[in-house]
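30 is the number of the first residue of the sequence shown in the numbering used here; add one for each residue after it.
Don't be surprised by glycine CBs; every beta carbon is placed ideally from N, CA and C.
Just below is one structure, and these are the notes that go with it.
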Amino acid sequence: MSWPSGLGSALASLALTCGARAAGLDGSGYELVSSLDFSAIGGQDGGRGRLIADGERVVRLGGLVERFSYDPEGRIPIDVEVFVPHNRSWAALPFEGKLRILEWERGGVWTPEADHRLELSSPFDFNWMSMARSGPYLICAGSEFGGPGFGPIFQTLESDGRGGVREVARTTDRTAGVGVATWLTADRQNGLYFADNGGAYGARLEADGTVTIQGELLEGNTHDILASPKLDLLYYTSDDVGLLIHRIIEPGWTEPADQLLQGHFLWDIAAWHDTVANLDRVATISEDSLHVFEIDNNATTTRLLTEALDRGRHSARVTFLESGALICATGTLGASIRPADDLSRRREVELPPAGILMDFEPQGRTALSLAGDIPAEPLRKFVLSEHIRTESGAYLPRANLVLTHGHSFATHENFVYVYTSKNGFDYRIHVVERLPGPRLSLVDSVATAGWFTAPLLAADGLLIAGSEIFDLSDPRHPTVLATMNHRTDTVRERSHPIEPRARLVASASYYYFTEPDSVFLWRLSREEGLVREWGDSLSLAPSGHIALDDTRDLMYLSEGVRIFVFDIADPTDPELLSEFSYYDNQQRCLRGLAAADGLLHIADYHCFDNYQLYQLRPWWWNGDEPVPVGPALRTPIRGRHLHGREGHIIYP
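See below:
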């Protein structure tokens, strides 16, 4: 059995079920079965991968939102919760006893308990990127991109007395030279400080909740900005100037006090205040090290810790828990936690890895993944991982094997077949055996006919690898059984509607600007090999999406904004049942198709403007046309390579 996700740059994957009576995620019919999030790799796009303390729990922002805690001795996170936001979540803060999470598109502010949600703006006005607390207010900030010029946007919220929040005031400013609020922090004097890649700026929060810009405090690319929790100090990281410490002289205005780690590019700042000693502990990340300092109200500093990390700064994240324990996620295959009373007592703990997810196969208690650009590994190295499932459905790694550039994989019995390449050539399938321990062992590799973009598929002891079919009678040493007569860019398979011992394979090839697109149906078995049953050209060919219904003899193809429905009871003579203009019906563009439990699942997005607003929605073929049968699931995951298998939707 294989759950291929094909090629792509997915950051997170979900395994979903869909039931008509299910309450579901966000009111949809979809239920989260399992998840794997690789998107906690850092970068210039704000909150991705950021660690936030929620008391003694850790919140991790990525394609999904994860919240978990650690027991005193264990390596595996406990009480893991996984939340599917409507779109990317860039910031999170505890406020009035609840964690509030801010989404980039539309500015949704929501609680993990799903008991309150507030949309800050109309769909196409602003990008929301940062949050801060100041007295009774929660301030959300970002960028205005409508109208002539860009400027910061601030939305001030307060408690509504019922566990939610309500709007108090909104402030926009298009003053020349004032950047946007990629980062935001608040001091204890109603001062606000925000920053972007052009500089850092000060502002004042007025009594009515509006924000008054004070002026520029620092010029240059600011990577992070953080006000002391209890002292009149402000901490910056900016390009190679190291860690800047400024003294707050009045709300929104500062003066330089000290400079640490000059010449280093720093990434991420976390601070915790020791109330007994009246000192701040400040942690930050350089190119190759974790640094921790103690700083008093006079900006006098003491270095507590400098420790080498196994990867670059863009993948590491730090945070202090309420107790003062320091957590540093290395961005690779784990993290470390240090108690407040002794930072030298480093304990290694597990976190989902960071990287670019290429393929994902949930297998109940375990899962397999293939991810690339893992920061701990040499350039272009990819990692095949086996994971263990937590009670919440989140997967954590327990065995890894480093490979060359990987594209996709498929499984058969205790073997994993990984499609790889090396420097743009030497395309091969590596055979990996899963052994007790657990352990992954490379046992063989076979060359392929060349490059292909379709994912590997394994079924009934056969491996579909682009235009080639391999026999897995000896699973350690695959041999070529048959070859298609075209390059395969998209492929799906299911049971054959007529021949019980054969599989039905649907494939598509599209050579842009060189040949017409083509779509094919094949009969595949070990006895016959590969038999072409039907083919057609561009007029009915898909532009990337095929789905084969698992309960009815139907095939769904998409071309541009159109969806075609075929009766494939006789694969040698498919009957076109319907041509459906999805855009005319929904005013949205197609992103992907999948079939599961007799339903067609369509991933789509908003076609225009800045927002894309990805969705997944179940449809039913009623004999005349596809019709929606439930509300859409809004999600940050693009779903270009989603697919269905045995009642589940794999949503990479």
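Distance between residue j and residue i (C-alpha atoms, nearest Å)
i	j	result
L432	T283	50 Å
P484	W139	36 Å
F444	T348	39 Å
P123	R129	6 Å
F223	H434	40 Å
A661	S470	42 Å
P665	A120	15 Å
R50	V113	Note that R50 has pLDDT 41, beneath the 50 cutoff, so the model's placement of it is unreliable and no number is given.
M160	A232	14 Å
L399	R135	32 Å
T239	A256	20 Å
I678	T395	17 Å
R199	N452	51 Å
G659	F609	18 Å
K127	T440	43 Å
V656	W650	6 Å
P603	A358	53 Å
G75	L90	Reliability of the predicted coordinates at G75 is poor, the pLDDT of 47 falling under 50, and the value obtained from them is presented with this limitation in mind. Each residue's alpha carbon lies about 10 Å from the other.
S524	E85	50 Å
G652	Y424	40 Å
G673	L355	41 Å
L645	L149	23 Å
Nearest to residue i (by Cα), restricted to the options the options
i	options	result
I458	R418, F438, F294, N443	F438
H275	N226, T304, D325	D325
T204	G192, E173, R555	E173
V475	D261, A488, L492, L255	L492
E415	N219, R463, G56, G84	R463
I631	A396, I597, D578	D578
H670	L619, V548, R427, V88	L619
P529	V197, R89, S554, S118	S554
D237	G164, D503, S318	G164
S365	P106, R667, I679, G676	P106
L586	E351, Q392, L550	L550
R427	E102, D633, D317, E379	E379
L65	K259, N116, P391, H115	P391
N564	M513, D582, E556, P526	Checking the sequence, you will find Gly at residue 564 rather than Asn. With distances taken between Cα atoms, G564 lies closest to M513.
P467	F155, L413, V311	L413
F183	H293, V197, D599	V197
L80	D261, L583, R346, A625	R346
Opposing strand residues paired with residue i [DSSP bridges]
i	result
A215	L221
Q392	T395
I105	Beta-bridge pairing links I105 to no other residue.
F112	V94
M160	C169
R521	A535
H574	S587
T335	H320
D83	R86
A121	I130
S64	L43, A423
Burial state of residue i (16 or more Cβ within 10 Å)
i	result
G281	buried
I575	buried
W157	buried
F454	exposed
C683	What is shown of the chain runs 30 to 681, which leaves residue 683 out entirely.
T519	buried
Q181	Reading off the sequence, residue 181 comes out as Pro, not Gln. Buried is the call here.
I592	buried
C636	exposed
T251	buried
I278	exposed
G208	buried
Y552	Per the sequence presented here, residue 552 reads as Arg, with Tyr not at that position. It is buried - the Cβ of R552 has at least 16 other Cβ atoms within 10 Å.
G621	buried
D511	The displayed chain sequence assigns Ala, not Asp, to residue 511. When all chains shown are included, A511 counts as buried.
A306	exposed
W212	buried
V447	buried
V472	exposed
E142	exposed
Distance cut-off 6 Å: residue i Cβ against heavy atoms of the ligand FMN
i	result
E379	With respect to small molecules bound, the structure shown includes none, and the ligand FMN cannot be examined in it.
message: Could you tell me which whole beta strand (DSSP E) segments of length 3 or greater appear in the region 632–662?
response: Counting whole runs of 3 or more residues, the region 632–662 contains the beta strand (DSSP E) stretches 644–650, 655–657.
field: Entirely enclosed beta strand (DSSP E) segments - the region 222–288, minimum 3 residues
entry: 228–234, 240–248, 251–256, 262–267, 272–279
field: 3 or more residues per run - each beta strand (DSSP E) lying fully within the region 301–327
entry: If we require 3 residues or more, the beta strand (DSSP E) runs fully inside the region 301–327 come out as 308–314, 318–324.
message: So within the region 427–504, which uninterrupted beta strand (DSSP E) runs reach at least 3 residues, ignoring any that extend past its ends?
response: Within the region 427–504, the complete beta strand (DSSP E) runs of at least 3 residues are 435–441, 444–451, 454–464, 468–476, 486–488, 491–494, 497–500.
message: Restricting to runs no shorter than 4 residues, where is the alpha helix (DSSP H) found entirely within the region 606–632?
response: 611–615
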